[in-house]
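Notes follow once the structure below has been shown.
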Amino acid sequence: MDESDELLGIGAFGRRVGLAPSALRFYDDCGVLRPVKVDPASGYRFYGAEQEGRAVLLRRLREAGLPLLDVRAVLDGGEAEARTVLHTHVERTRQTADAARALIEEVLRRNPAESPQQPQGWAGVGGAELASAVRQVGPAVAEAETRAKHPVLGCVLLELDDGEVRVVATDRYRLAVRTLRAVATGGAPSRVLIDVGELAAMAAWALPRQHIDIEVHGDEGRLIGEDGVCRAFVGWAGEFPDYRLVLDGVRAVRHRIIADRTALREALAEREKGAVITVRAGAQEVVVSGGQGGGGGGDENGGGKRPAVEVSAVCSGPPLRIAFDPAVLVPALDAGVGPDVLLEVASESEPVVVRSADQGSFTTLVMPVQALVSRETD
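For what it's worth, full-length UniProt numbering labels the leading residue of the sequence shown as 1, then goes sequentially.
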């Protein structure tokens, strides 16, 4: 047996020690693991069995992340130097891992809605249904001047309870509530306040999705589409008005008016605060009068008032005179669905319930302007 029979070619040696031929050639070029013999004609490298231990240790040190200079010190330096190099590398690795862990934990704290923790409460609804609810309820939030004093009135309440999702907004003169029946629910009753602008963006995201899950984590949460894509949101801290107390406080209805929604809206449009709706005994129409036109011009009869307009209606109850601010009532009519609108009135000075005959899940309460009723004349 000659010398070459006792040696291993680069491929065979590499398989024994777990190193690719390209790695062995690299370590040869670096002087870390020289072959025993190189064929002068072909340049083929041969390794001896006694090199296996060094090669395996080299591979393991590199897998542990040691730089090549430190590897050389461990392989060729004294025992004390080798230990110093290894201890230094362990400490450096620990510090790197600690820094990475701290960074990741900070990211998770800043983005809790993306974490896999169990939500406080969740409910599944149709994406288009949620978008529709936001479209109807959103206009009831307060204007900018009121929001500056009462930020929660610029938010919409999202409430998960009793197998339902309720979307609620109010500016203290109008209260809008849309109830969605959830297809599935879990966790505890939950509520979160969301800025109306943020919620509008969420609604646009939800609209094309057939189904979404709403998850609430304290004052934060996320929407999850059926495709697994998520949209996180951050809520507002604050005390939202007790809308349930307001709804429960509505007294028994004495007057009901069913009118064409568009016709009533047009009769009220461009009138100012103090427009009066009058219902005469036995009449099948309401009369909308009073309130200056939006341009401030008067009609041909003078007095700076728009002429009275009759709107066909089905009325029940005693005669009625009630005044509204069209800036409050008209948006409530706009938010409705279907050709008809139902007004339920307890008295001239109490909140009026505005409903749609085609959508019982949406309710608006509108405050009349009692102080101006007595100033109007027929």
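Note that the Cβ used here is the ideal one computed from N, Cα and C, for glycine as well.
Residue i, DSSP secondary structure in three states
i, result
"Leu33", "coil"
"Val369", "coil"
"residue 383", "Look at the range of the chain in this structure, 1 to 378, and you will see that residue 383 is not part of it."
"Ala263", "helix"
"His211", "coil"
"Tyr44", "coil"
"Arg174", "strand"
"residue 383", "No statement about residue 383 is possible, as the shown extent of the chain runs from 1 to 378 and does not include it."
"Gly294", "Confidence at Gly294 is low in this model, with a pLDDT of 48, below 50, so the placement of that residue should be treated as unreliable; the coordinate-derived value is given next. Coil at Gly294, not helix or strand."
"Glu91", "helix"
"Ala335", "coil"
"Arg280", "coil"
"Gly187", "strand"
"Glu81", "helix"
"Gly11", "helix"
"Gln120", "coil"
Cut-off 6 Å between Cβ atoms - residues of its own chain near residue i, not counting five sequence neighbours on either side
i, result
"Pro326", "Leu268, Arg271, Ala275"
"Gly294", "Caution is warranted here: a pLDDT of 48 is assigned to Gly294, below 50, making its placement in the model unreliable, and no coordinate value can be reported."
"Ala176", "Val137, Ala140, Ala169, Thr364"
"Ala23", "none"
"Ser190", "Gln120, Gly121, Leu160, Val216"
"Asp195", "Cys155"
Proximity below 7 Å, CB of residue i to CB of residue j
i, j, result
"Ala64", "Val17", "no"
"Leu207", "Leu157", "no"
"Leu333", "Arg261", "yes"
"Ala313", "Ala259", "yes"
"Ile10", "Arg45", "yes"
"residue 384", "Gly317", "Because the chain in this structure spans residues 1 to 378, residue 384 falls outside the shown range and cannot be described."
"Val352", "Pro319", "no"
"Ala131", "Ala203", "yes"
"Val183", "Gly127", "no"
"Arg178", "Phe362", "yes"
"Arg209", "Gly225", "yes"
"Val85", "Ala73", "yes"
"Ala335", "Val369", "no"
"Ala263", "Val287", "no"
"Arg321", "Leu342", "no"
"Glu348", "Val253", "no"
Own chain partners of residue i with C-beta closer than 7 Å, once the 5 adjacent residues on each side are dropped
i, result
"Ala237", "Asp219"
"Leu329", "Leu268, Val366"
"Ala200", "Val134, Gly138"
"Leu7", "Val36, Lys37, Phe46, Tyr47, Gly48"
Continuous alpha helix (DSSP H) stretch holding residue i: start and end
i, result
"Leu57", "52 to 63"
"Ser340", "Note that residue 340 is Asp in the sequence shown, not Ser. No alpha helix (DSSP H) holds Asp340; the beta strand (DSSP E) holding it covers 340 to 345."
"Ser132", "127 to 137"
"Glu285", "Run containing Glu285: none in the alpha helix (DSSP H); it sits in the beta strand (DSSP E), 285 to 289."
"Ala73", "68 to 76"
"Asp161", "Element bounds for Asp161: not the alpha helix (DSSP H) but the beta strand (DSSP E), 155 to 161."
"Glu239", "Per DSSP, Glu239 belongs to no alpha helix (DSSP H) and is neither H nor E."
"Glu350", "No alpha helix (DSSP H) contains Glu350, which DSSP labels as neither H nor E."
"Ala323", "From DSSP, Ala323 is part of no alpha helix (DSSP H) but of the beta strand (DSSP E) over 320 to 324."
"Arg147", "144 to 149"
Bounding residues of the beta strand (DSSP E) (the contiguous stretch that carries residue i)
i, result
"Leu19", "Leu19 -> no beta strand (DSSP E), and no H or E assigned at all."
"Leu193", "190 to 195"
"Val311", "309 to 316"
"Val234", "230 to 234"
"Arg244", "Looking at the DSSP string, Arg244 is not in any beta strand (DSSP E); the run it does join, the alpha helix (DSSP H), is 243 to 248."
"Glu220", "220 to 225"
Residues near residue i in its chain [Cβ-Cβ closer than 8 Å; skip 5 each side]
i, result
"Ala188", "Gln120, Gly121"
"Ala20", "Gly14"
"Ile212", "Gly124, Val125, Gly126, Gly127, Leu130, Ala206, Leu223, Ile224, Gly225, Glu226"
"His89", "Ala64, Gly65, Leu66, Asp70"
Mind the definition here: the stretch 233 to 246 touches the stretch 139 to 148 only if three or more C-beta pairs lie below 8 Å; say whether that holds.
no
Is it a yes or a no for the stretch 150 to 164 touching the stretch 92 to 104, going by three-plus beta-carbon pairs under 8 Å?
no
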